[in-house]
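The block underneath contains the structure these notes are about, expressed in structure tokens.
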Amino acid sequence: MPTSDFLAIGSIIIDDIVYPDGRTSMGVLGGGGTHAAYGIAFAGEKPGLIGLVGEGLPDDIRARLEADFDTAGLVWTQHPQVRGWQIFEWNGIRNEIFRVEVIEPFMYGPAPDEIPASFANPRGFTLLRGPQHVAAWRARFPNATLLWEPVRIFMLSADHEAFLRGIASADIVSPNLHEAQTMYGIEDEREIMRRLLADGVKLAALRMGERGSLVARRGDGRAYYVPAVEVAEIIDQTGAGNTYCGGFLVGICRAGDVAEAGCYGAAAASFTLEHVGCARMPADRVREWNRRLQEARAGLRSVPL
């Protein structure tokens with residue numbers, strides 16, 4: 574019986590990674606939904622993962638998903654499991670090439686009515702989808718806090734009218750800086766934040782990679798720069814933004830404070846940076862979580878909007 578208070582809705586992808594020097598990491602667990610679910614888990618919750626999985630999902634990956642998450646929300650399809658090359662260049666650019674013919678169902682499914690009725694009343698959920706899907710998921714979980722992470726391909730289309738429709742059903746909107754710059758045609762992050770709030774975003778978390786994040790609540794008149802938590806060595810940045818969103822969701826539901834939620838997001842993202850693909854739960858998670866959360870809090874900076 575599902576008991577998860579927090580859900581992550583998005584893709585589950587198997588990544589075959591090629592690094593600039595020719596090294597490879599094959600069969601790595603990835604996908605935006607999976608990374609977001611781990612962000613929730615790093616914050617101390619056992620998330621429900623909602624997404625499509627296909628034929629050929631490796632047994633070890635399936636066992637890992639079932640150990641770490643409530644998987645009652647996984648919907649099995651007869652299509653081959655989505656898998657893709659992740660090819661990294663020396664300048665950090667990542668090129669994704671899918672290795673299966675059928676992609677779209679994994680990017681947009683499952684539908685809200687395919688989810689078990691036992692997922693009835695979560696506290697919150699992350700949604701990595703285009704704007705056309707936000708209202709339907711809001712209707713499926715009307716009382717939950719909805720964090721919408723717009724998919725990259727939509728944001729780069731700069732379809733502002735569709736973006737506004739997605740905003741209307743979300744409690745939190747979290748784009749990354751590059752995508753928001755494309756959407757608005759603005760470079761400065763504080764001006765982008767002003768535009769997001771003016772467009773109706775109730776609570777915005779603008780993810781800025783190594784520069785951390787800028788977070789704000791509409792009507793406060795202030796924003797907060799949240800630093801990225803430093804790690805000994807950055808192994809792989811893929812999925813850190815998704816993991817941030819999972820942490821942020823738990824933070825806002827627990828504390829109700831936007832700056833504290835940003836610190837939760839920063840702490841969660843830092844675990845992902847240290848691993849190839851989705852990071853496993855460390856044995857010292859509680860101690861490390863508290864240390865990283867405190868580091869993020871210490872670097873907070875408030876600025877007027």
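Its first residue numbered 574, the sequence shown is counted upward by one per residue in our numbering. We treat Cβ as the ideally placed atom computed from N, Cα and C, and that holds for glycine.
DSSP places glutamine 867 within a helical segment (H, G or I) once states are collapsed to three. Between leucine 769 and alanine 743, the C-beta spacing is not below 9 Å. DSSP links leucine 622 through a beta bridge to Ala581. Under DSSP, the beta-bridge partners assigned to serine 598 are Ile590.
Separation of arginine 790 and leucine 719 (C-alpha to C-alpha, rounded to the nearest whole angstrom) is 15 Å. Glycine 603 has Ile586 as its beta-bridge partners, per DSSP. DSSP, read as helix, strand or coil, puts glutamate 662 in coil. Positions of the alpha helix (DSSP H) runs, each at least 4 residues long and wholly inside the stretch 759 to 827, are given as 762 to 771 in order along the chain.
The beta carbon of glutamate 847 sits closer than 8 Å to those of Val804, Ala805, Glu806, Ile807 and Ile808, all from its chain and outside the five residues before and after it, given in chain order. Where glutamine 754 is concerned, the enclosing alpha helix (DSSP H) starts and stops at 750 to 757. Boundaries of the beta strand (DSSP E) around arginine 702: 697 to 702. Between proline 678 and tryptophan 862, the alpha-carbon positions lie close to 35 Å from each other.
Inter-residue distance for proline 877 and alanine 842 is about 26 Å (C-alpha atoms, whole angstroms).
Take glycine 739, set aside five residues on each side of it, and the residues of its chain with a beta-carbon closer than 7 Å to its own are Pro704, Val707, Trp721 and Pro723, in chain order. Judged by DSSP in its simplified three-state form, arginine 853 adopts coil rather than helix or strand. Here arginine 596 is exposed, its C-beta having fewer than 16 other C-beta atoms within 10 Å. Contact between the stretch 582 to 601 and the stretch 653 to 667 is established, with three or more Cβ pairs separated by less than 8 Å. By the 16-neighbour rule on beta-carbons within 10 angstroms, asparagine 694 is exposed. A distance below 6 Å between beta-carbons, with the five flanking residues on each side excluded, links glycine 605 to the following residues of its chain, in chain order: Gly583, Ser584, Leu701 and Asn815. Around the beta carbon of aspartate 643, 16 or more other beta carbons lie within 10 angstroms, which makes this residue buried. Note on geometry: alpha-carbon atoms of isoleucine 623 and glycine 819 lie some 13 Å from one another. Residue environment for serine 730: exposed (fewer than 16 other C-beta atoms within 10 angstroms of its C-beta). The criterion of a C-beta distance shorter than 9 Å is satisfied by leucine 822 and glycine 612. Per DSSP, arginine 667 is one residue of the beta strand (DSSP E) stretching across 667 to 671. In terms of CA proximity to alanine 871, Ala832 leads the group Phe844, Ala832, Gly850 and Gly697.
The DSSP-derived three-state label of leucine 720 is strand. Leucine 647 and glycine 682 have their C-alpha atoms spaced approximately 10 Å apart. Where serine 843 is concerned, there is no enclosing beta strand (DSSP E), although the alpha helix (DSSP H) around it starts and stops at 831 to 846. At the C-beta level, alanine 834 and threonine 845 stay beyond 9 Å of one another.
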